[in-house]
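Residue numbers (this note's numbering): 65 to 477.
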């Protein structure tokens, strides 16, 4: 009997021991496994090619790895998350494991007023780690605001001449028995109609330029034809103010582009020069080819532009002097169109201006390549107009006496 009991007890102990071992084994498998210190190589490669800012945090919210954009956008500094708003999102994700996304406007740096708009997405990555992705939405928001402002500005700009036409028409009807008043109000209606037509045309042109992108079909365009056509279109307005328009320089050059768009750009520059110049003054249009660029500089002796307004002259609907623009029929879109035409041709437009001394606007377009040794007939010495624009842009100012003397010599004053 004792032997039998001992045997039964041994069997029970063995079964219990076996069960205990199996339970212990299951518990061990159920325990969280410590994550390796290093990230998976594949994940590292993915993070390195992401255009968005990417940050991987450990269980203590310390940065394990961050992509270069994360540092560039100011999300990470000194290997730590900078912004409490992002840290709060991380804490929420750790608490319930739910992916969260939020748009945050954050300071770009430790000093200054600059901000950056980030679309932040936080997600759990494994047992303890957290992945933070941040996409820069600053430019997208800016473009959206520009489009919204464009619609508002168009509505406002169209409302003014349309309202004026309606009021003038009503006045003409009331003054039907007064031929002098009818003639006076009819002339004003004609001016408003012309202004409205110009505004609508420039809105259409600007919208087309913004939507089309680069010029689809590039053909060789003789610059002489562009300048002469642009100047001819502006002569009537110039003659009404007794303003002489002169041309000179390296006119026998070519660029690849769209003839009509280039004429529009140059004419807008010449029209501006005439509109803001005083009676009996001069406007000069000079062409210079250098370093693979054709520079078309329009120089005037007008009122000039204040320094604090020079950064905005290429904005849509911006007018340095709104009252003067109404008197001259300006729409505030001309220089914006010039800027878009230049960009679509792979070039740019620059300016120099000084109040009381005038302005120089320079349209720069890549020149058309030609076979080595080829020349163009009638090629003349390059004028100094483009030099004035280049120096004005690079230096920001000239000595007043030197600039006045040079400009008068250039435009024949």
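Cβ atoms here follow ideal geometry from the backbone N, Cα and C, with glycine treated the same way.
It should be emphasised that the depicted structure is a prediction, and the values quoted were computed from it without experimental measurement.
For residue 422, count neighbouring C-beta atoms within 10 Å of its own C-beta (all shown protein chains included) and say buried if the count is 16 or more, exposed if not. Indexing the chain shown from 1 puts residue 422 at position 358. For residue 422, the number of other beta carbons within 10 angstroms of its own is at least 16, and it is reported as buried.
Taking the alpha-carbon positions, what's the residue 253 to residue 288 distance? As a position in the chain shown, residue 253 is number 189, starting the count at 1. As a position in the chain shown, residue 288 is number 224, starting the count at 1. Between the C-alpha atoms of residue 253 and residue 288 there is a straight-line separation of about 37 Å.
Taking 8 Å as the cut-off, decide whether the C-beta atoms of residue 337 and residue 347 are in contact. Here the question's residue 337 lines up with position 273 in the chain shown. Here the question's residue 347 lines up with position 283 in the chain shown. Yes, they are a contact pair.
Note down, in chain order, each residue of its chain lying with its Cβ closer than 7 Å to the Cβ of residue 331, except the 5 sequence neighbours on either side. The residue given as residue 331 occupies position 267 in the chain shown. 294, 297, 298, listed in sequence order.
How many Å lie between residue 119 and residue 375 at the Cα? Indexing the chain shown from 1 puts residue 119 at position 55. Indexing the chain shown from 1 puts residue 375 at position 311. Spanning the two alpha carbons is a distance of roughly 37 Å.
Residues in the same chain with beta-carbon distance under 8 Å from residue 229, minus the five sequence neighbours each way, listed in chain order, please. Mapped onto the chain shown, residue 229 falls at position 165. Within the same chain, residue 229 has close Cβ partners 253, 256, 257, 260.
Give the straight-line distance between the Cα atoms of residue 283 and residue 316, rounded to the nearest whole angstrom. Sequence index remark: in the chain shown, residue 283 carries index 219 (1-based). Sequence index remark: in the chain shown, residue 316 carries index 252 (1-based). Between residue 283 and residue 316, the C-alpha separation is close to 16 Å.
Beta-carbon within less than 6 Å of residue 202's beta-carbon, same chain only, minus the 5 sequence neighbours each way: which residues are those? For this step, residue 202 is matched to residue 138 along the chain shown. Excluding sequence positions up to five before and after residue 202, its CB lies within less than 6 Å of the CB of 180, 181, all in the same chain and listed in chain order.
According to DSSP, what are the bridge partners of residue 145? Counting from one through the chain shown, the residue named residue 145 turns up at place 81. DSSP lists 140 as partners of residue 145.
Name the one or two DSSP bridge partners that residue 425 has. Taking the chain shown and counting its residues from 1, the one referred to as residue 425 is at position 361. The secondary-structure analysis by DSSP pairs residue 425 across a beta bridge with 362, 415.
Cα-Cα separation, residue 239 to residue 245: Indexing the chain shown from 1 puts residue 239 at position 175. Indexing the chain shown from 1 puts residue 245 at position 181. The alpha-carbon atoms of residue 239 and residue 245 are separated by roughly 6 Å.
With distances taken Cα to Cα, identify the nearest neighbour of residue 164 among 368, 139, 429, 188. Translated into the one-based positions of the chain shown, residue 164 becomes position 100. The candidate whose alpha carbon is nearest that of residue 164 is 188.
Can you tell me the Cα-Cα spacing of residue 455 and residue 415, whole angstroms? Counting from 1 along the chain shown, the entry for residue 455 is found at position 391. Counting from 1 along the chain shown, the entry for residue 415 is found at position 351. For residue 455, the predicted structure reports a pLDDT of 38, less than 50, and the residue's modelled location is therefore unreliable. A value from the coordinates is still provided. Answer to the nearest angstrom: the Cα atoms are 10 Å apart.
For residue 186 and residue 154, which I take to be in contact (beta-carbon distance under 8 Å), what is that distance rounded to the nearest angstrom? The residue given as residue 186 occupies position 122 in the chain shown. The residue given as residue 154 occupies position 90 in the chain shown. The pair is a contact, with the Cβ atoms about 6 Å apart (cut-off 8 Å).
Taking Cβ positions, are residue 417 and residue 369 nearer each other than 8 Å? In the chain shown, counting from the first residue as 1, residue 417 sits at position 353. In the chain shown, counting from the first residue as 1, residue 369 sits at position 305. Yes; because the gap between Cβ atoms is below 8 Å, this pair is in contact.
Could you give the residue range of the alpha helix (DSSP H) that holds residue 321? Counted from its first residue, the chain shown places residue 321 at position 257. Annotation for residue 321: no alpha helix (DSSP H) segment contains it, though the beta strand (DSSP E) segment containing it runs 318-321.
Taking the straight line between their C-alpha atoms, what separation do you get for residue 159 and residue 192? In the chain shown, counting from the first residue as 1, residue 159 sits at position 95. In the chain shown, counting from the first residue as 1, residue 192 sits at position 128. Cα to Cα, residue 159 sits roughly 11 Å from residue 192.
Give the straight-line distance between the Cα atoms of residue 93 and residue 121, rounded to the nearest whole angstrom. Counting from one through the chain shown, the residue named residue 93 turns up at place 29. Counting from one through the chain shown, the residue named residue 121 turns up at place 57. Here the model assigns residue 93 a pLDDT of 43, short of 50, so the residue's position is not dependable, and the following value carries that caveat. About 25 Å.
Count the other CB atoms within 10 Å of the CB of residue 300; is the residue buried (16 or more) or exposed (fewer)? Locating residue 300 in the chain shown gives position 236, where the first residue counts as 1. That one is exposed.
With a threshold of 16 other CB atoms inside 10 Å of the CB of residue 397, please say whether the residue is buried or exposed. Position 333 of the chain shown, counting from 1, holds the residue named residue 397. With 16 or more Cβ atoms within 10 Å of its Cβ, residue 397 is classed as buried.
In angstroms with no decimal places, state the Cα-to-Cα distance between residue 426 and residue 139. Start at 1 with the first residue of the chain shown, and residue 426 comes out as number 362. Start at 1 with the first residue of the chain shown, and residue 139 comes out as number 75. In a straight line, the C-alpha of residue 426 is about 40 Å away from that of residue 139.
Does the beta-carbon of residue 305 have 16 or more other beta-carbons within 10 angstroms, so that it is buried, or is it exposed? As a working mapping, residue 305 is identified with position 241 in the chain shown. It counts as exposed.
Simplified DSSP state of residue 192, which is helix, strand or coil: In the chain shown, the residue the question calls residue 192 occupies position 128. Coil, per DSSP.
Per DSSP, residue 183 forms a beta bridge with which residues? The count along the chain shown starts at 1 and reaches residue 183 at position 119. Paired residue(s): 167, 199.
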